[in-house]
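For reference, the structure discussed in these notes is given below.
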Amino acid sequence: MVVTGASTGMGTATARELAARGYHVLAGVRRERDADAIRADGIEPVILDITRPEHVQALVDRIAADPRRRPLRALVNNAGISVNAPVEALPLAEWRRLFDVNLFGHVAVTQALLPFLHRSGGRIVNISSVGGKVALPTYGAYAGAKFALEAVSDSLRRELTPHGVQVAVVEPGAVRTEMAGRGAATATELAEKMAPEHQQRYGGLVKAIVAHSLAFTRTGLPASKAGSIVAKAATARRPRTRYAIGRDAALLTRLTRFLPDRILDRVVAATLRAYLPEKARRVAPAVA
Ligand SMILES: NC(=O)c1ccc[n+]([C@@H]2O[C@H](COP(=O)([O-])OP(=O)(O)OC[C@H]3O[C@@H](n4cnc5c(N)ncnc54)[C@H](OP(=O)(O)O)[C@@H]3O)[C@@H](O)[C@H]2O)c1
Numbered sequence: 272m273v274v275t276g277a278s279t280g281m282g283t284a285t286a287r288e289l290a291a292r293g294y295h296v297l298a299g300v301r302r303e304r305d306a307d308a309i310r311a312d313g314i315e316p317v318i319l320d321i322t323r324p325e326h327v328q329a330l331v332d333r334i335a336a337d338p339r340r341r342p343l344r345a346l347v348n349n350a351g352i353s354v355n356a357p358v359e360a361l362p363l364a365e366w367r368r369l370f371d372v373n374l375f376g377h378v379a380v381t382q383a384l385l386p387f388l389h390r391s392g393g394r395i396v397n398i399s400s401v402g403g404k405v406a407l408p409t410y411g412a413y414a415g416a417k418f419a420l421e422a423v424s425d426s427l428r429r430e431l432t433p434h435g436v437q438v439a440v441v442e443p444g445a446v447r448t449e450m451a452g453r454g455a456a457t458a459t460e461l462a463e464k465m466a467p468e469h470q471q472r473y474g475g476l477v478k479a480i481v482a483h484s485l486a487f488t489r490t491g492l493p494a495s496k497a498g499s500i501v502a503k504a505a506t507a508r509r510p511r512t513r514y515a516i517g518r519d520a521a522l523l524t525r526l527t528r529f530l531p532d533r534i535l536d537r538v539v540a541a542t543l544r545a546y547l548p549e550k551a552r553r554v555a556p557a558v559a
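Count along the sequence shown from 1, add 271, and you get the number used in the working numbering.
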């Protein structure tokens, strides 16, 4: 089994859950200290930044030279970063950085490991998000990459099913991990660098989104619970095409199928209004 982004959160939890179920896990981390922290019975850390071709090649070499010649059962594309900023104000370099990690990195690892998965009749589990189904304001880049990952996963599943390789998508709602805190720090840093007119237009919105995201995450499931759902997607004999994590995710993904856009816009605006700083609340239609 390969799990990317295993230094924290759902990646760590998934690696531990798979190891507890008796699998040997190659756990992707970016730093030696994270490798030392996760190394355990059944968990072998590998240095893997999914945006670096030489790391991906080293993973391929490691699997090809497996001393016990174990087949690769599953690849869990879990690594991810969170960026919240208005479409108008997010510098293109940041758009590219996010897509490099949250989309192209997964495609790169998938392409590199597919020869092994074809041989083993294995599977790919892509970690998407409710953000892959509904895009809140300031989530243009994050949700854009997750919507794309959903589409890539559908396409991949339809390409690979005839060849015996399964593809499952996991759609978490709120899960208590490092992501919200890291995302809040990035969003605040980006907001501080916004041009004055963007600050004026979106400053309140960014603050509301950060407060909403932190509050939403506090109500979330523990990472261990999410890890066991991801492990199920990676090991179930007949995996579902999609797994929601949390009732919020299951409800939201269903709602987006039935609610007209304008109604959904109002639901989103009403949800965020409670988090807007006082001044911005008076111009709340800006988020509608
Ligand atoms: N938590 C939630 O509520 C939630 C909701 C929906 C979807 N998700 C999705 O769940 C997945 C896991 O997130 P999480 O909540 O567990 O967050 P997390 O605790 O922040 O973990 C993210 C992981 O991705 C790794 N990563 C970041 N950039 C990377 C790169 N270039 N190459 C390889 N690894 C990289 C991080 O490693 P470093 O420590 O080295 O940075 C970390 O191990 C993500 O895809 C996220 O979008 C999470």
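The C-beta atom is built at its ideal place from N, Cα and C for all residues, glycine as well. Bear in mind that the values here come from a model prediction, so they are computed numbers and not experimental data.
Taking the C-alpha atoms as reference points, what is the distance between Ala520 and Gly454? The residue labelled residue 520 in the question sits at position 249 within the sequence shown. The residue labelled residue 454 in the question sits at position 183 within the sequence shown. Taking the straight line joining both Cα atoms gives about 19 Å.
Using DSSP with H/G/I as helix, E/B as strand and the rest coil, what is Ile314? Position 43 of the sequence shown, counted from the start, is the residue given in the question as residue 314. Note: Ile314 maps to strand in three-state DSSP.
On the CB-based measure, 16 or more other CB atoms within 10 Å of its CB, does Ile534 come out buried or exposed? Position 263 of the sequence shown, counted from the start, is the residue given in the question as residue 534. It counts as exposed.
Do the stretch 419-430 and the stretch 462-478 touch if we need at least three Cβ pairs shorter than 8 Å? no
Check Pro362 in the structure and name its three-state DSSP category. Your numbering for residue 362 matches position 91 in the sequence shown. Reduced to three states, the DSSP call for Pro362 is coil.
Tell me the DSSP secondary structure of Ala439 in three-state form. The residue you call residue 439 lines up with position 168 of the sequence shown. Collapsing the DSSP output to three states places Ala439 in a strand.
Start and end residues, beta strand (DSSP E) containing Val396: By 1-based counting over the sequence shown, the position of residue 396 is 125. Judged by DSSP secondary structure, Val396 falls within the beta strand (DSSP E) whose first and last residues are 394-398.
Outcome for Glu460 when other beta-carbon atoms lying within 10 angstroms are tallied against a minimum of 16: As a first step, residue 460 must be located in the sequence shown, where it is residue number 189. Exposed, because fewer than 16 other Cβ atoms sit within 10 Å of the Cβ of Glu460.
Leu526 - containing alpha helix (DSSP H), residue span: As a working note, residue 526 is residue 255 in the sequence shown. Counting along the chain, the unbroken alpha helix (DSSP H) around Leu526 starts and ends at 518-529.
Are there 16 or more other CB atoms within 10 angstroms of the CB of Thr448, so buried, or fewer, so exposed? The count along the sequence shown starts at 1 and reaches residue 448 at position 177. When all chains shown are included, Thr448 counts as buried.
In the DSSP output, what is Arg513 paired with across the bridge? Reading the sequence shown from its first residue, position 242 is the one you call residue 513. Note: Arg513 sits in a beta bridge opposite Val440.
What do you reckon, is the C-beta of Val440 under 7 Å from a heavy atom of ligand 1? If you number the sequence shown from 1, residue 440 lands on position 169. Incorrect: Val440 has no Cβ contact closer than 7 Å to ligand 1.
Proximity of Val441 and Val538 at Cβ, strictly below 8 Å: As a working note, residue 441 is residue 170 in the sequence shown. As a working note, residue 538 is residue 267 in the sequence shown. No, these two residues do not count as a Cβ contact at 8 Å.
Taking 8 Å as the threshold (C-beta atoms), are Ile480 and Leu385 in contact? Position 114 of the sequence shown, counting from 1, holds the residue named residue 385. Position 209 of the sequence shown, counting from 1, holds the residue named residue 480. Result no, Cβ atoms of Leu385 and Ile480 do not sit closer than 8 Å.
What does DSSP give as the partner residue(s) for Gly299 in the beta ladder? Position 28 of the sequence shown holds residue 299. Answer is Val317.
Assign Glu325 to one of two classes, buried (16 or more other C-beta atoms within 10 Å of its C-beta) or exposed (fewer than that). By 1-based counting over the sequence shown, the position of residue 325 is 54. Flag for Glu325 reads exposed.
Say yes only if the C-beta of Pro324 is nearer than 7 Å to one or more non-hydrogen atoms of ligand 1, and no if none qualify. Stepping through the sequence shown from its first residue, residue 324 is reached at position 53. Flag unset: Cβ of Pro324 not near ligand 1.
Between Pro443 and ligand 1, is there a pair consisting of the residue's CB and a ligand heavy atom that are separated by less than 7 Å? Stepping through the sequence shown from its first residue, residue 443 is reached at position 172. Checking the Cβ of Pro443 against ligand 1 gives yes.
N- and C-terminal bounds of the beta strand (DSSP E) containing Val347: Counting from one through the sequence shown, the residue named residue 347 turns up at place 76. Unbroken beta strand (DSSP E) run through Val347: 345-348.
If we ignore side chains and look at the alpha-carbon of each, how far apart do Ala486 and Ala336 end up? Looking up residue 486 in the sequence shown gives position 215. Looking up residue 336 in the sequence shown gives position 65. Ala486 and Ala336: Cα-Cα distance of roughly 46 Å.
In this structure, how does DSSP classify Arg447 when only helix, strand and coil are distinguished? Walking along the sequence shown from the start, residue 447 turns up at place 176. Of the three classes helix, strand and coil, the one that applies to Arg447 here is strand, per DSSP.
Based on the DSSP output, what are the partners of Pro493 in its beta bridges? Residue 493 sits at position 222 when you count from the first residue of the sequence shown. Answer is Arg447, bridged to Pro493.
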